[in-house]
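Novice: Sharing a structure with you now.
Number of protein chains: 2
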Amino acid sequence: MKPPSFFEQDRALVEAALERLLPAETAPPPSIHRAMRYSVFAGGKRIRPILCYEAARIFAADPAPAVPVGCALEFIHTYSLIHDDLPALDNDDLRRGKPTCHKQFGEALAILAGDALLTRAFETLAAAPLEPGRRVQVIAEVAAVAGTVDGMVGGQVADLEAEGKPPDAAALEYIHRSKTAALIRASVVAGALAGGGEDADVERLRRFGEKIGWAFQVVDDILDVEESSAALGKTAGKDQAQKKATYPALYGLEESRRIAADLAAQALRELDSYAGRAARLRELGEFLVARRA
Amino acid sequence: MKPPSFFEQDRALVEAALERLLPAETAPPPSIHRAMRYSVFAGGKRIRPILCYEAARIFAADPAPAVPVGCALEFIHTYSLIHDDLPALDNDDLRRGKPTCHKQFGEALAILAGDALLTRAFETLAAAPLEPGRRVQVIAEVAAVAGTVDGMVGGQVADLEAEGKPPDAAALEYIHRSKTAALIRASVVAGALAGGGEDADVERLRRFGEKIGWAFQVVDDILDVEESSAALGKTAGKDQAQKKATYPALYGLEESRRIAADLAAQALRELDSYAGRAARLRELGEFLVARRA
């Protein structure tokens, strides 16, 4: 399935904003800015910022204020990839078809580039063009999903601790929801907040984001089994080699596909009440679970 | 020189708040919460939160809202120590007389505990009992000093890159101002903001914080040469062994002492206009440059 027609246009907006929101490569000390930019501009699809932008569009004629918010989410996503790839964690040499940050710049700079991107995310959110009350809501939401309690760090810890253990459905669900779904959910929630959605809208989009994010990770597990390394731009079959907790390992491929489709359907139903206003977000959701890489 | 009489009382307030603001050790996944708490409760002096609290007192009859703000600064300080101690950076085994986080919990958990404390800092600031406009100002200030441009990550990168090179006054000043003075300055600025200071007050306290933070780091360099490991709770003489850029290495001990005293005097003059209202902050400033460990 090809991305929605508006995808490349949104992506260009996001790329330009990411460029603007990062310090120049020449700013001292240049080495850290080179490392940050290397990983941010390594070919990410920008799914989180685009979800944020298109969620804001449901509520705002001009969703532009959601662009820097989405970029902050991309910084957090990139920081998490840089740190997860480190030798002490997943020890990955390849990411999006390129050497990982620590392979390219050494471990010290990779650790610090991750730290700097996480920090830059909050600096970006603090300066987002939203009224202060909304900015604080977005920051609280994003900080919570990046943290340890049902958040990304918690999910990563559970993932590391599950390696080599027999598959466990509860642990697997915790890992996927915390490590991946949480940030995707926050992208949609932050978009609803940036677009000026009411509380009930924010909660509806939260349910959409949770389910679509979860489905997204199940699809990721499936692709790791099905696709070649070339198509994925990372080492395929690695989950199995590392005895990672995955849906195919626990439920098999067919059942995993059914689970992903079911979660996606539940997610998309949340958008029904917005009818045409949510057309783009709906297309995005469909794309995220039908993608091949 | 002994700490000011109010120091232990302030510290007890801060300890209780840190305890409240961190997830319980039993919260899943427990391992990461154990690692976070191990490093936060490893015996820090709580200089940054106490500076924040006492800066707020100049402007507020009750500086209590500054306590969680100060705790967020302590989380950032602790994260920076955990990551700086990692094998890929300073490779330190001992911190405050105890095994460093990665020695105790392994590198993966140490990296993630640092990430989690940085994240928790912003989550704490987003929930601080200040009106949203002030919260956003504090978050912007703190994120900037934790970052790469004249901030902590920038200072750490410059420090790593200066190792083994001939001493350079400009590089040394950049490192000390970015790596240490910036967070101390932010502690005082955040306190002024939390206490309700006007813009002119915030700028005055910024100048105080900058100078006192810089003096603090020069004193740290001096103590590294003069004191034993036992008194410092970390490996003494390590700066020299690692050929770190320090004031004593560049200027000698006597001149370094003069520089620290001069910076401290400049800092304290900024407080003159507050007279007795700044008595405690003044005492703190004097203590920070006269301490022996």
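Protein chains in written order, with this note's numbering: chain Y, 1 to 293; chain S, 1001 to 1293.
Virtual Cβ for every residue (Gly too), placed ideally from N, Cα, C.
Note that the coordinates shown come from a computational prediction; the quantities given were computed from them, not determined experimentally.
Cα separation between residue 1128(S) and residue 56(Y)?
Specialist: Stepping through the second sequence from its first residue, residue 1128(S) is reached at position 128. Stepping through the first sequence from its first residue, residue 56(Y) is reached at position 56. Computed Cα separation, rounded: 27 Å.
Novice: Taking all protein chains shown into account, decide if residue 1(Y) is buried (16 or more other Cβ within 10 angstroms of its Cβ) or exposed.
Specialist: To locate residue 1(Y), count along the first sequence from 1; it is residue 1. Classification for residue 1(Y): exposed.
Novice: As a quick exercise: from 90(Y), 121(Y), 86(Y), 120(Y), pick the residue whose alpha carbon is nearest that of residue 104(Y).
Specialist: For the purposes of this step, residue 104(Y) is identified with residue 104 of the first sequence, where counting begins at 1. Measuring from the Cα of residue 104(Y), the nearest candidate turns out to be 86(Y).
Novice: Going along the chain, which residues of its own chain have a beta-carbon closer than 7 Å to the beta-carbon of residue 281(Y), five neighbours each way excluded?
Specialist: The residue you call residue 281(Y) lines up with position 281 of the first sequence. Within the same chain, residue 281(Y) has close Cβ partners 54, 55, 58, 271.
Novice: When DSSP builds the beta bridges, which residues end up paired with residue 94(Y)?
Specialist: On the first sequence, position 94 is the one that residue 94(Y) refers to. Residue 94(Y) pairs with 99(Y).
Novice: Is there a C-beta anywhere in chain Y that falls below 8 Å from the one on residue 1147(S)?
Specialist: Walking along the second sequence from the start, residue 1147(S) turns up at place 147. Yes, its Cβ sits closer than 8 Å to a Cβ of chain Y.
Novice: Could you tell me the boundaries of the alpha helix (DSSP H) in which residue 254(Y) lies?
Specialist: As a working mapping, residue 254(Y) is identified with position 254 in the first sequence. Its alpha helix (DSSP H) spans residues 253-269.
Novice: So which residues of chain S does residue 118(Y) contact, with C-beta pairs closer than 8 Å?
Specialist: Within the first sequence, residue 118(Y) is the residue found at index 118, counting from 1. Under the 8 Å cutoff, chain S gives 1115, 1118, 1119.
Novice: Please list the residues of the region 1010-1036 of chain S that have a C-beta atom closer than 8 Å to any C-beta atom in chain Y, keeping them in chain order.
Specialist: Residues passing the 8 Å Cβ filter: 1023, 1027, 1028, 1029, 1031, 1032, 1033, 1036.
Novice: Looking at residue 1029(S) and residue 157(Y), is the spacing between their C-beta atoms short of 8 Å?
Specialist: Here residue 157(Y) is taken as the residue at index 157 of the first sequence, counted from 1. Here residue 1029(S) is taken as the residue at index 29 of the second sequence, counted from 1. Yes; because the gap between Cβ atoms is below 8 Å, this pair is in contact.
Novice: Can you tell me the Cβ-Cβ gap for residue 79(Y) and residue 114(Y), rounded? I've got them flagged as a contact below 8 Å.
Specialist: Your numbering for residue 79(Y) matches position 79 in the first sequence. Your numbering for residue 114(Y) matches position 114 in the first sequence. Sure, about 4 Å apart at Cβ, within 8 Å.
Novice: Return the residues of the region 128-156 of chain Y that lie within a Cβ-Cβ distance of less than 7 Å from chain S, sorted by chain order.
Specialist: Listed by position, the residues of the region 128-156 of chain Y near chain S (Cβ gap below 7 Å) are 132, 133, 135, 136, 139, 140, 143, 144, 146, 147, 148, 149, 153, 154, 156.
Novice: Please go through the region 1115-1184 of chain S and give each complete beta strand (DSSP E) segment of 3 or more residues, from N-terminal end onward.
Specialist: none
Novice: Residue 1092(S) to residue 1099(S), Cα distance in whole Å?
Specialist: Your numbering for residue 1092(S) matches position 92 in the second sequence. Your numbering for residue 1099(S) matches position 99 in the second sequence. So the two alpha carbons sit approximately 9 Å from each other.
Novice: Based on Cα-Cα distance, which residue from 185(Y), 64(Y), 209(Y), 107(Y) lies nearest to residue 13(Y)?
Specialist: Indexing the first sequence from 1 puts residue 13(Y) at position 13. For residue 13(Y), the closest C-alpha among the options 185(Y), 64(Y), 209(Y), 107(Y) is that of 64(Y).
Novice: Nearest by alpha-carbon distance to residue 143(Y): which of 130(Y), 219(Y), 125(Y) is it?
Specialist: For this step, residue 143(Y) is matched to residue 143 along the first sequence. Measuring from the Cα of residue 143(Y), the nearest candidate turns out to be 125(Y).
Novice: Please decide whether residue 1007(S) counts as near chain Y, where near means a Cβ-Cβ distance under 8 Å.
Specialist: Residue 1007(S) sits at position 7 when you count from the first residue of the second sequence. No - not a single Cβ of chain Y is within 8 Å of the one on residue 1007(S).
Novice: I'd like to check one pair, residue 1118(S) with residue 1076(S): are the Cβ atoms closer than 8 Å?
Specialist: Counting from one through the second sequence, the residue named residue 1076(S) turns up at place 76. Counting from one through the second sequence, the residue named residue 1118(S) turns up at place 118. Contact: yes.
Novice: Alpha carbon to alpha carbon, how far is residue 1295(S) from residue 249(Y)?
Specialist: In the structure displayed, chain S extends from 1001 to 1293; residue 1295(S) sits before or after that span and is not available.
Novice: Answer with yes or no whether the minimum CB distance from residue 160(Y) to chain S is below 8 Å.
Specialist: As a working note, residue 160(Y) is residue 160 in the first sequence. So, interface residue.
Novice: State yes or no: is the beta carbon of residue 105(Y) nearer than 8 Å to at least one beta carbon in chain S?
Specialist: Taking the first residue of the first sequence as position 1, residue 105(Y) is located at position 105. For residue 105(Y), the answer is no, since every Cβ of chain S falls outside 8 Å of its Cβ.
Novice: Do you know how far the Cα of residue 203(Y) is from the Cα of residue 66(Y)?
Specialist: Counted from its first residue, the first sequence places residue 66(Y) at position 66. Counted from its first residue, the first sequence places residue 203(Y) at position 203. Cα-Cα distance, rounded: 18 Å.
Novice: Taking a cut of 7 Å between CB atoms, which residues from the region 1083-1096 of chain S lie near chain Y?
Specialist: 1083, 1086, 1088, 1089
Novice: What residue from 1038(S), 1102(S), 1219(S) has the CA that sits closest to residue 1025(S)'s CA?
Specialist: Here residue 1025(S) refers to the residue found at position 25 when the second sequence is read from its first residue. Of the listed residues, the one whose Cα sits closest to residue 1025(S) is 1038(S).
Novice: Counting along the chain, where does the alpha helix (DSSP H) carrying residue 1072(S) start and finish?
Specialist: The count along the second sequence starts at 1 and reaches residue 1072(S) at position 72. It spans 1066-1085 - the alpha helix (DSSP H) in which residue 1072(S) sits, taken as one unbroken run.
Novice: Within a Cβ cutoff of 7 Å, which residues of the same chain sit near residue 1109(S), ignoring the five residues on either side of it in sequence?
Specialist: Here residue 1109(S) refers to the residue found at position 109 of the second sequence. Around residue 1109(S): 1031, 1032, 1035.
Novice: Helix, strand or coil for residue 292(Y) per DSSP?
Specialist: Residue mapping note: residue 292(Y) aligns to position 292 of the first sequence, counting from 1. DSSP places residue 292(Y) in coil when its eight states are reduced to three.
Novice: Find the nearest neighbour of residue 16(Y) within the set 106(Y), 50(Y), 267(Y), judged by alpha-carbon distance.
Specialist: Position 16 of the first sequence, counting from 1, holds the residue named residue 16(Y). Measuring from the Cα of residue 16(Y), the nearest candidate turns out to be 50(Y).
Novice: What residue from 68(Y), 151(Y), 170(Y) has the CA that sits closest to residue 251(Y)'s CA?
Specialist: Locating residue 251(Y) in the first sequence gives position 251, where the first residue counts as 1. Looking at the Cα atoms, 170(Y) is the closest of the given residues.
Novice: Measuring alpha carbon to alpha carbon, tell me which residue in 19(Y), 284(Y), 283(Y), 221(Y) is nearest residue 254(Y).
Specialist: Position 254 of the first sequence holds residue 254(Y). It is 221(Y) whose Cα lies nearest to the Cα of residue 254(Y).
Novice: Leaving out five residues before and five after residue 1152(S) in sequence, what residues of the same chain have Cβ atoms less than 7 Å from its Cβ?
Specialist: The sequence position of residue 1152(S) within the second sequence is 152, counting from 1. Within the same chain, residue 1152(S) has close Cβ partners 1080, 1145, 1146, 1178, 1179, 1182, 1183.
Novice: So which residues of chain S does residue 183(Y) contact, with C-beta pairs closer than 9 Å?
Specialist: Start at 1 with the first residue of the first sequence, and residue 183(Y) comes out as number 183. What residue 183(Y) touches in chain S: nothing, since even the nearest Cβ is about 12 Å away.
Novice: I'd like to know whether the C-beta atoms of residue 1194(S) and residue 1267(S) end up nearer to each other than 8 Å.
Specialist: To locate residue 1194(S), count along the second sequence from 1; it is residue 194. To locate residue 1267(S), count along the second sequence from 1; it is residue 267. Their beta carbons are not under 8 Å apart, which means residue 1194(S) does not touch residue 1267(S) by this criterion.
Novice: Just to check my reading of the structure: residue 1111(S) and residue 89(Y) have Cβ atoms closer than 8 Å, yes? What is that Cβ distance to the nearest angstrom?
Specialist: Position 111 of the second sequence, counted from the first residue, corresponds to residue 1111(S). Position 89 of the first sequence, counted from the first residue, corresponds to residue 89(Y). About 7 Å separates the two Cβ atoms, so the contact holds.
Novice: Give me the residue from 45(Y), 140(Y), 83(Y) with the minimum Cα distance to residue 116(Y).
Specialist: Residue numbering aside, residue 116(Y) sits at position 116 when the first sequence is read from its first letter. The residue with the shortest Cα to Cα distance from residue 116(Y) is 83(Y).
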